[in-house]
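Report on the following structure.
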Amino acid sequence: MRAVRDVEMRECYQIEFVEVRERPPMVMMTPPEVPKEISDMMIEISRGVQRILPGAQVKQYELKKMTLILTAEELEAFKLKPYPNQTYELTITEGTLNFKEI
Numbered sequence: 281m282r283a284v285r286d287v288e289m290r291e292c293y294q295i296e297f298v299e300v301r302e303r304p305p306m307v308m309m310t311p312p313e314v315p316k317e318i319s320d321m322m323i324e325i326s327r328g329v330q331r332i333l334p335g336a337q338v339k340q341y342e343l344k345k346m347t348l349i350l351t352a353e354e355l356e357a358f359k360l361k362p363y364p365n366q367t368y369e370l371t372i373t374e375g376t377l378n379f380k381e382i
């Protein structure tokens, strides 16, 4: 959540909603014409490089799904608190937005 101005220059809050997903395992393949010994060695080298790269240990990632820009009055209507790093779970059912503080 961060403070922004909307197109009418009113003070608002921008809220980013993300989906937390598990990072899929990396699959390494070599061309079929490469000998098996070389193929196995290439796979082991690339796995070793992936382990030492920054961010390689991260098992989850965030996928941005939706951004809301709300005024202070709209935040109050949804009973949201404008604190940085506040986490909410958003459920959309039958055209209504339901926020649950986590």
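Just so we're on the same page, our numbering is the position in the sequence shown counted from 1, plus 280.
Glycine residues also receive a C-beta, built at the ideal position from the N, C-alpha and C atoms.
Computed from a predicted model, the values in this text were never measured in an experiment.
*Which stretch, first to last residue, makes up the alpha helix (DSSP H) that contains Q366?*
No alpha helix (DSSP H) holds Q366; DSSP gives it neither H nor E.
*If you pair each beta-carbon of the stretch 351 to 370 with each one of the stretch 302 to 312, do three or more pairs fall below 8 Å?*
no
*Identify every run of the beta strand (DSSP E) within the stretch 307 to 371, keeping only runs that are complete inside it and at least 3 residues long; order them along the chain.*
Qualifying beta strand (DSSP E) stretches, in chain order: 340 to 351.
*When the Cβ atoms of the stretch 344 to 360 are set against those of the stretch 286 to 296, are three or more pairs found closer than 8 Å?*
In short, these stretches touch, since the Cβ pair count reaches three.
*Given that a residue counts as buried once 16 or more other Cβ atoms are within 10 Å of its Cβ, and exposed if not, what is M281?*
Flag for M281 reads buried.
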